[in-house]
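Everything below concerns the one structure shown next.
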């Protein structure tokens, strides 16, 4: 079963939930947690495991070979992303705009745009007791998160079989990286806070998940602040509210020290037990 | 001299467009012919990525001597414009085309 934890708004508790839920589930099951917020991975601050694997990740970018080129201009016509343009007697490639679709390279009649690997980031795998943890980190200066997220998901599929519960810590927002991080999840948890900002971004995230035809539910974090509008919204839209995590200064203090929370705060653990039950029931009901 | 402006309209009284990549029009003034011409760039609105190299390419084909704009081109457009032998002046984003031209002539605009 693959479960993505996403949010819409940033800073609502994706990582807090992901690391605590993963550690808790790993006490009794095979679990892998994967940080797919590759622009800013931070689950690793809370999972201090042993590094067991590290590899560089590459994306493919065309490189112009001037001597072969006949300046037919075909490459710039087929590029949907304007990453290849012809200027007078030269072809310019913009790696930050390239989506590695190979169109220019494959359709070049004289093979003047071979695809060359370019390092975009690295993947690390850790082990902490029963929990496996994978994180990918985009290199500084790289602008596209999607290719690294896609490769990380593929790695996970290859290295962890279906017996594992796979938890994805997704990036915030509702743009391409979020879609890439949630697109093959069997269930998406949208975690929000009960504030006008939280509600605003939750509605965007809900619209996104509906568009992707995802099964999803909401967890309200810092329950007790703000107002009831998030709960009213969920009720009106028939969205299950899986849990309400308490607003508690001790949680913030533990978080700021990089500690797990459920081992110290029983009310938080109680909510995790409910969340785990909810997810395991979904699994039994046939969401793989 | 041929002078290109990023503009929101097609006349001397039109307001400049401070953006480079997503400028609505490129207005070209040919000083020798005393002629004002335009390229409609509004189709760029629907382009999600790579607007500025595309606009820069159009400008490259126009081959002006000077570009007058507002904020100045970003990195990608800069790479294209570096190929064109072109002087760039910025800071004219809130002017009309006429005002921008006069400011350029009086040496009041900042080079990019």
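Chains as they are written, first to last, in this note's numbering: chain G, 40 to 327; chain L, 1213 to 1324.
Cβ coordinates follow ideal geometry from the N, Cα and C atoms, glycine included.
Small disclaimer: the values here were computed from a predicted structure and weren't measured.
In the DSSP assignment, find the beta strand (DSSP E) that holds residue i and state where it starts and stops.
i: residue 151 of chain G; result: Element bounds for residue 151 of chain G: n/a, residue is neither H nor E.
i: residue 285 of chain G; result: 280–285
i: residue 1241 of chain L; result: 1237–1242
i: residue 1306 of chain L; result: Unbroken run through residue 1306 of chain L: none, as it is neither H nor E.
i: residue 231 of chain G; result: 226–231
i: residue 260 of chain G; result: 255–262
i: residue 41 of chain G; result: 41–45
i: residue 176 of chain G; result: 170–177
i: residue 204 of chain G; result: 204–208
i: residue 1280 of chain L; result: 1278–1280
i: residue 72 of chain G; result: 70–74
Using the beta-carbon count (16 or more within 10 Å), is residue i buried or exposed?
i: residue 197 of chain G; result: exposed
i: residue 271 of chain G; result: exposed
i: residue 274 of chain G; result: exposed
i: residue 279 of chain G; result: exposed
i: residue 1275 of chain L; result: exposed
i: residue 1285 of chain L; result: buried
i: residue 244 of chain G; result: buried
i: residue 1236 of chain L; result: buried
i: residue 305 of chain G; result: exposed
i: residue 201 of chain G; result: exposed
i: residue 181 of chain G; result: buried
i: residue 248 of chain G; result: buried
i: residue 67 of chain G; result: exposed
i: residue 239 of chain G; result: exposed
i: residue 159 of chain G; result: buried
i: residue 219 of chain G; result: buried
i: residue 53 of chain G; result: buried
i: residue 144 of chain G; result: buried
i: residue 1229 of chain L; result: buried
i: residue 1249 of chain L; result: exposed
i: residue 205 of chain G; result: buried
Mapping the DSSP letters down to three states, classify residue i as helix, strand or coil.
i: residue 1252 of chain L; result: strand
i: residue 125 of chain G; result: strand
i: residue 92 of chain G; result: strand
i: residue 221 of chain G; result: helix
i: residue 302 of chain G; result: coil
i: residue 1219 of chain L; result: strand
i: residue 83 of chain G; result: helix
i: residue 117 of chain G; result: helix
i: residue 134 of chain G; result: coil
i: residue 181 of chain G; result: coil
i: residue 110 of chain G; result: coil
i: residue 165 of chain G; result: strand
i: residue 101 of chain G; result: strand
i: residue 316 of chain G; result: helix
i: residue 323 of chain G; result: helix
i: residue 308 of chain G; result: helix
i: residue 1245 of chain L; result: coil
i: residue 1317 of chain L; result: helix
Which residue marks the beginning of the alpha helix (DSSP H) containing residue i, and which one marks its end?
i: residue 245 of chain G; result: 235–250
i: residue 1290 of chain L; result: 1287–1293
i: residue 269 of chain G; result: 268–275
i: residue 63 of chain G; result: 53–64
i: residue 1274 of chain L; result: 1263–1274
i: residue 185 of chain G; result: 185–198
i: residue 295 of chain G; result: 288–295
At a Cβ cut of 9 angstroms, what residues of the stretch 127–145 of chain G count as close to chain L, listed as they run along the chain?
Those would be 127, 129, 131, 133, 135, 136 and 138, in chain order.
Which of the residues in the stretch 97–125 of chain G, read from start to end, lie with their CB under 7 angstroms from any CB of chain L?
Look at the stretch 97–125 of chain G: the residues with a C-beta under 7 angstroms from a C-beta of chain L are 120, 121, 122 and 124.
Residues from the stretch 1263–1282 of chain L in contact with chain G, defined by Cβ distance under 7 angstroms
Cβ contacts with chain G: 1265, 1266, 1269 and 1272.
For the structure I just gave you, are there three or more beta carbon pairs, one from the stretch 50–67 of chain G and one from the stretch 91–101 of chain G, closer than 8 angstroms?
Look at the beta carbons and you see the stretch 50–67 of chain G not touching the stretch 91–101 of chain G: under three pairs across the two are nearer than 8 angstroms.
Give the residues from the stretch 1282–1295 of chain L that approach chain G closer than 9 angstroms (Cβ to any Cβ), ordered along the chain.
So the close ones are 1287, 1288, 1291, 1292 and 1295.
Using 8 angstroms as the threshold, is the stretch 219–236 of chain G in touch with the stretch 256–271 of chain G, meaning 3 or more CB pairs across them?
The answer is yes - the stretch 256–271 of chain G touches the stretch 219–236 of chain G, with three or more Cβ pairs under 8 angstroms.
Counting beta carbon pairs with one atom in the stretch 127–140 of chain G and one in the stretch 43–60 of chain G, are three or more of them shorter than 8 angstroms?
At 8 angstroms Cβ cutoff, the stretches do not touch.
With a threshold of 8 angstroms, are at least 3 pairs of Cβ atoms found where one atom belongs to the stretch 314–324 of chain G and the other to the stretch 1253–1268 of chain L?
The stretch 314–324 of chain G vs the stretch 1253–1268 of chain L: no contact.
Is the stretch 68–81 of chain G in contact with the stretch 168–179 of chain G, if contact means three or more CB pairs nearer than 8 angstroms?
Short answer: they touch.
With contact counted as at least three CB pairs below 8 angstroms, one residue from each stretch, are the stretch 41–54 of chain G and the stretch 205–215 of chain G in contact?
Yes: at least three Cβ pairs fall under 8 angstroms.
Are the stretch 295–302 of chain G and the stretch 82–92 of chain G touching, with three or more C-beta to C-beta distances below 8 angstroms?
With contact defined as three or more Cβ pairs closer than 8 angstroms, the stretch 295–302 of chain G and the stretch 82–92 of chain G are in contact.
Inter-stretch contact at 8 angstroms, needing at least 3 Cβ pairs: the stretch 1218–1229 of chain L / the stretch 1302–1313 of chain L
Judged by pairs of C-beta atoms under 8 angstroms, the stretch 1218–1229 of chain L touches the stretch 1302–1313 of chain L, as three or more such pairs exist.
Does the structure place the stretch 145–156 of chain G close enough to the stretch 103–110 of chain G that three or more beta carbon pairs sit under 8 angstroms?
In short, these stretches touch, since the Cβ pair count reaches three.
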